[in-house]
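Okay, so here's the structure we're looking at.
If you want it as structure tokens, here you go:
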């Protein structure tokens with residue numbers, strides 16, 4: 041049965057899964073006696089299932105030996121652009137007080153794990169079942185990028201894999217490699233069965249721990265799904281408004297570490313000759329940032345604050361240090377949750393709105409093949425190795441590098457490809473900023489929205505500037521630009537360019 045199912049296009053399978061997922065908020069709304077919301081999700085689910093069955097029946101006569109890498113990559117692009125049209129239908133019908141465009145942008149924001157706070161300025165506007173749907177779509181988007189990173193992007197040397205691969209982005213390594221992994225449908229099935237149970241189990245464990253720390257069931261579920269998907273979606277306006285307190289933040293901090301390196305739960309993204317995630321350059325670089333940035337914020341105003349009252353400020357100092365550490369890891373993983381003690385960290389450091397720091401962390405992003413967005417730590421590490429070697433050659437022009445074979449590959453060819461990606465990212469950022477400015481946004485808002493969408497860190501729109509940006513008041517054209525930027529940030533520019541590669545079309 042599963043083998044027959046995999047003969048259909050990936051986008052059709054994702055549509056069927058989305059239709060079945062609509063039954064969960066329908067059941068939730070029914071238990072709350074919110075029959076209008078329950079009907080909206082139930083009817084949408086039935087229409088979606090009927091549509092998938094009709095299309096599947098029409099395609100069943102076609103003999104499809106396999107879904108190619110190109111077909112899966114194209115289906116991934118359609119999942120981020122066309123599938124939200126279907127996902128937005130029950131949201132639009134249930135809310136009844138917004139436009140379909142707003143519902144579509146909300147679903148694009150969720151499935152790309154961006155989490156733009158469109159409706160956070162009025163928390164009471166969305167009922168709990170709609171918050172559940174937002175969190176569920178974001179969670180499914182996180183699982184989609186988890187699976188597609190290994191099943192779709194890795195075979196094409198995209199999504200960060202191009203830094204350590206021996207082939208060019210969008211191409212396979214050798215003819216033998218291409219023959220060995222020709223059955224992309226079988227590979228997609230195996231990786232899904234391998235990673236989905238891990239993803240579900242981690243989400244369930246975090247949900248249970250958050251409830252133990254005091255969060256009510258729905259809030260704990262949405263926050264656990266948001267942490268695993270790094271979507272930053274919340275039903276209460278952020279974890280700082282939850283009831284779990286410090287214990288809940290400590291638990292979420294541990295689970296956010298999964299966004300720094302794939303090696304924390306899998307071994308399909310080996311980035312060094314030595315095994316172990318503690319030796320992985322991505323995890324080590326992420327740990328350095330999580331430790332050093334809060335310390336810099338902490339030490340900036342240490343003497344002035346400590347001289348006032350040594351006893352009274354000891355507790356405040358610890359709160360400031362924790363608030364900085366949690367928030368830094370949250371934005372580095374492109375989740376975007378603020379700690380309840382982030383205000384204490386800001387007051388301690390003397391920085392009223394350290395938005396530039398949060399923007400920089402979001403641009404760096406998390407690990408390759410994780411749910412985090414941004415430039416990715418592995419690309420930053422490759423540029424660091426290349427920069428360090430170039431400085432050594434300035435002092436000793438005829439010296440020979442002492443790095444291992446893997447590091448030499450990353451330092452040379454990997455750094456070159458990472459630099460190309462960084463420049464494409466910068467050009468995309470400039471283009472989107474100019475476009476938003478032309479549509480009426482001031483420079484600060486335009487740059488914040490551009491980074492938030494390209495790095496898939498939607499909460500930046502609320503915390504990076506002097507005042508939150510009213511996203512619902514943006515013109516329709518600006519919302520469409522943001523939707524395209526979120527898709528571009530999730531898919532990455534190299535993957536879009538790879539779709540134009542004639543070698544893939546011939547294969």
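Residue numbers (the numbering used here): 41 to 547. Positions of the beta carbon are idealized from the N, C-alpha and C atoms, including for glycine.
>> So residue 533 and residue 461 are supposed to be a Cβ contact under 8 Å. How far apart are they, rounded?
In response: 7 Å
> Can you tell me where the alpha helix (DSSP H) with residue 149 in it begins and where it stops?
Replying inline: 140–151
> According to DSSP, is residue 62 helix, strand or coil?
Replying inline: coil
> When DSSP labels each residue in this structure, what does residue 231 get in the three-state scheme?
Replying inline: helix
> Where do the N-terminal and C-terminal ends of the alpha helix (DSSP H) with residue 484 fall, by residue?
Replying inline: 483–494 is the span of the alpha helix (DSSP H), which, as asked, contains residue 484.
> From 228, 355, 333, 303, pick the residue whose C-alpha is nearest to that of residue 370; which is it?
Replying inline: Minimum Cα distance to residue 370 is reached at 333.
> For residue 459 versus residue 423, is the C-beta spacing smaller than 8 Å?
Replying inline: yes
>> Mapping the DSSP letters down to three states, classify residue 412 as helix, strand or coil.
In response: coil
> Buried or exposed: residue 323, going by 16 or more other Cβ atoms within 10 Å of its Cβ?
Replying inline: Counting every other CB atom within 10 Å of its CB across the protein chains shown gives residue 323 a total of 16 or more, marking it as buried.
>> At the level of alpha carbons, what is the spacing between residue 485 and residue 190?
In response: One C-alpha to the other measures close to 35 Å.
> Should residue 58 go down as buried or exposed, given a rule of 16 or more other Cβ atoms within 10 Å for buried?
Replying inline: buried
>> Under 8 Å: do the segment 271–290 and the segment 376–389 share three or more Cβ pairs, one atom per stretch?
In response: yes
> Just curious, the alpha helix (DSSP H) that residue 554 is in, first and last residue?
Replying inline: Since the first residue shown for the chain is 41 and the last is 547, residue 554 is missing from the structure and cannot be characterised.
>> Starting from residue 375, trace the alpha helix (DSSP H) in both directions and tell me its first and last residue.
In response: Element bounds for residue 375: n/a, residue is neither H nor E.
>> Does the contact criterion of 3 or more C-beta pairs under 8 Å hold for the segment 243–258 versus the segment 287–295?
In response: yes
>> Between the alpha carbons of residue 228 and residue 100, how many angstroms are there, rounded?
In response: 20 Å
> In terms of residue numbering, what span does the alpha helix (DSSP H) encompassing residue 519 cover?
Replying inline: First-last of the alpha helix (DSSP H) with residue 519: 516–531.
>> Taking the alpha helix (DSSP H) that residue 389 belongs to, which residues open and close that run?
In response: Segment 382–389, the alpha helix (DSSP H) holding residue 389.
> Can you tell which of 195, 147, 168, 510 has its C-alpha closest to the C-alpha of residue 181?
Replying inline: 147
>> Can you find the residues in the same chain that come closer than 6 Å, C-beta to C-beta, to residue 412, ignoring five residues on each side of it along the sequence?
In response: Apart from sequence neighbours up to five positions away, the residues of its chain that approach residue 412 with a beta-carbon distance below 6 Å are 270, 299, 373, 374, 405, 406, ordered along the chain.
> By DSSP, does residue 167 sit in helix, in strand, or in coil?
Replying inline: coil
> Going by beta carbon distance, what residues of the same chain come within less than 7 Å of residue 203, once the five residues before and after it are set aside?
Replying inline: Cβ-Cβ distances below 7 Å link residue 203 to 418, 419, 422, 450, 454, 457, 458 in the same chain, with the five nearest sequence neighbours on each side left out; the list follows chain order.
> Can you name, in chain order, every residue of its own chain whose Cβ lies under 6 Å from the Cβ of residue 535, other than the five neighbours on each side?
Replying inline: 198
> Between residue 359 and residue 503, what straight-line distance do the alpha-carbon atoms span, to the nearest angstrom?
Replying inline: 19 Å
> Under a three-way DSSP split, which group does residue 428 fall into?
Replying inline: helix
>> Using only CA atoms, which one of 361, 145, 320 lies nearest to residue 121?
In response: 145
>> Within 8 Å, do at least three Cβ pairs link the segment 169–179 to the segment 129–145?
In response: yes
> Where residue 592 and residue 81 are concerned, what is the direct C-alpha to C-alpha distance, given to the nearest angstrom?
Replying inline: Limits of the chain in this structure are 41 at one end and 547 at the other, which puts residue 592 out of reach.
> Using 8 Å as the threshold, is the segment 111–119 in touch with the segment 82–95, meaning 3 or more CB pairs across them?
Replying inline: no
>> On a Cα-Cα basis, can you pick out the residue from 295, 301, 257, 60 that is closest to residue 283?
In response: 257
> In terms of alpha-carbon separation, which member of 237, 188, 487 lies closest to residue 224?
Replying inline: Comparing Cα-Cα distances from residue 224 to each of 237, 188, 487, the minimum goes to 188.
> What did DSSP end up calling residue 324 once you bin it into helix, strand or coil?
Replying inline: helix
> DSSP three-state call for residue 112: helix, strand or coil?
Replying inline: helix
>> For residue 519, which residues in the same chain have their Cβ closer than 7 Å to its Cβ, ignoring the five residues on either side in sequence?
In response: Non-local C-beta neighbours of residue 519 in its own chain, meaning closer than 7 Å and more than five positions away in sequence, comprise 141, 145, ordered along the chain.
>> For residue 531, tell me which candidate among 512, 176, 186, 263 has the shortest Cα-Cα distance.
In response: 186
>> Taking 8 Å as the limit between beta carbons, can you name the residues of its chain near residue 527, skipping five residues before and five after?
In response: Excluding residues up to 5 positions away in sequence, 117, 120, 121, 148, 152 lie with their Cβ nearer than 8 Å to the Cβ of residue 527 in the same chain.
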